[in-house]
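In our numbering, the protein residues as written are 55 to 335. First the structure, in the form of structure tokens, and then the observations on it.
Next comes the structure, spelled out in structure tokens:
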């Protein structure tokens, strides 16, 4: 199962004839662009030109959350990711899973004690980001890259949700803690391959890969995460997206690639509402 890495990375070189992960959305003489993102990149990753072209035309850059607000919310995230009631990770997990976690930490040189006060999702975030950093990943993904360009150019910015909304979805207490840790252990053994798949698939516009390899397994194996992180948020975003699309300004809306694909993806929902949606080359 690959879903936690996708969630946290929360998502190489495209071929000449490939589609992109950018769509043009049109209705009533107005248009905007919607692009999929990954939140981390490596030194060798080159953002496709279609993103730059859409950004250049856009009057407004829209991201999931205000990236500047997210950067200053680290303390809030840590507070939400820590147990406050005397619970500890070893108590939250079954003895069998915690034993596997101890073996994993020893093998990968992570101090187990540093994780005991953290909720499983925060443990997963810390471990996965550490493993990705070992692979040369930068936490500056597609959305951060274009946010910096928007700030430099004085381009207007907007967001689809608050940082609190995103944290509430991420730290969903209904998710099985054993499943989170087992998935983290399994996925962390294949970080390079999963990064190749996520980033390569996104930059090649491979929507089927995102549905079949990431979204489908996520829905099947951690349905609570799928509902809170994908389904509920997609539905919550739609009124804001439609409001933005109704303005005379041209927007570039950047969200994680998983939010754009599938039956409840933003692109399909827009098509159902009568928008003309074209996947760009």
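By construction, the Cβ of each residue, glycine as well, lies at the ideal position given by its N, Cα and C atoms. The structure displayed is predicted, hence computed values, not measured ones.
| message | Considering only DSSP beta bridges, list what residue 212 is partnered with. | response | Beta-bridge pairing links residue 212 to 116.
| Name the DSSP bridge partner or partners of residue 281? | DSSP lists no bridge partner for residue 281.
| task | If I'm right that residue 287 touches residue 215 with Cβ under 8 Å, what's the distance once you round it to whole angstroms? | result | Between the beta-carbon of residue 287 and that of residue 215 there is about 7 Å, and that keeps the pair under the 8 Å contact cut.
| request: Only counting runs of 3 or more residues, tell me where the beta strand (DSSP E) segments fall wholly within the segment 288–332, in order along the chain. | output: 305–310, all fully within the segment 288–332.
| said: Between residue 89 and residue 108, how many whole angstroms is the CB-CB distance? I'm expecting something under 8 Å. | reply: Taking 8 Å as the upper bound for CB-CB distance, residue 89 and residue 108 are in contact here, some 6 Å apart.
| message | Taking only three categories from DSSP, how would you classify residue 90? | response | Looking at residue 90 - three-state DSSP - the assignment turns out to be strand.
| message | Taking only three categories from DSSP, how would you classify residue 71? | response | Caution applies to residue 71, whose pLDDT of 41 falls short of 50 and renders its modelled position unreliable; the value that the coordinates give is listed next. Residue state, collapsed to three classes: coil.
| So, residue 232 versus residue 147, is the Cβ gap smaller than 8 Å? | Contact flag set, yes.
| field | Assigned exposure category for residue 313 - 16 Cβ within 10 Å defines buried | value | The Cβ neighbour count for residue 313, taken over all protein chains shown within 10 Å, is at least 16; the residue is labelled buried.
| message | Taking the beta carbon of residue 102 as the centre, do at least 16 other beta carbons fall within 10 Å, making it buried, or is it exposed? | response | Using a 10 angstroms sphere on the CB of residue 102, the tally of other CB atoms reaches 16 or more, which defines it as buried.
| Within this structure, are the beta carbons of residue 301 and residue 201 separated by less than 8 Å? | Cβ distance not < 8 Å, so residue 301 and residue 201 don't count as in contact.
| residue 206 lies in the alpha helix (DSSP H); which residues open and close that run? | In the DSSP assignment, residue 206 falls within the alpha helix (DSSP H) that extends over 196–207.
| To which residues does DSSP link residue 80 through a beta bridge? | DSSP lists 85, 330 as partners of residue 80.
| request: Given a cut-off of 8 Å, decide if residue 188 and residue 115 are closer than it, judged by their beta-carbon atoms. | output: Not closer than 8 Å, so no.
| request: Could you pull out every unbroken alpha helix (DSSP H) segment of at least 4 residues lying fully inside the segment 107–159, listed in chain order? | output: Annotation: the segment 107–159 contains the following complete segments of the alpha helix (DSSP H) (minimum length 4 residues), in chain order: 121–125, 128–134, 143–146.
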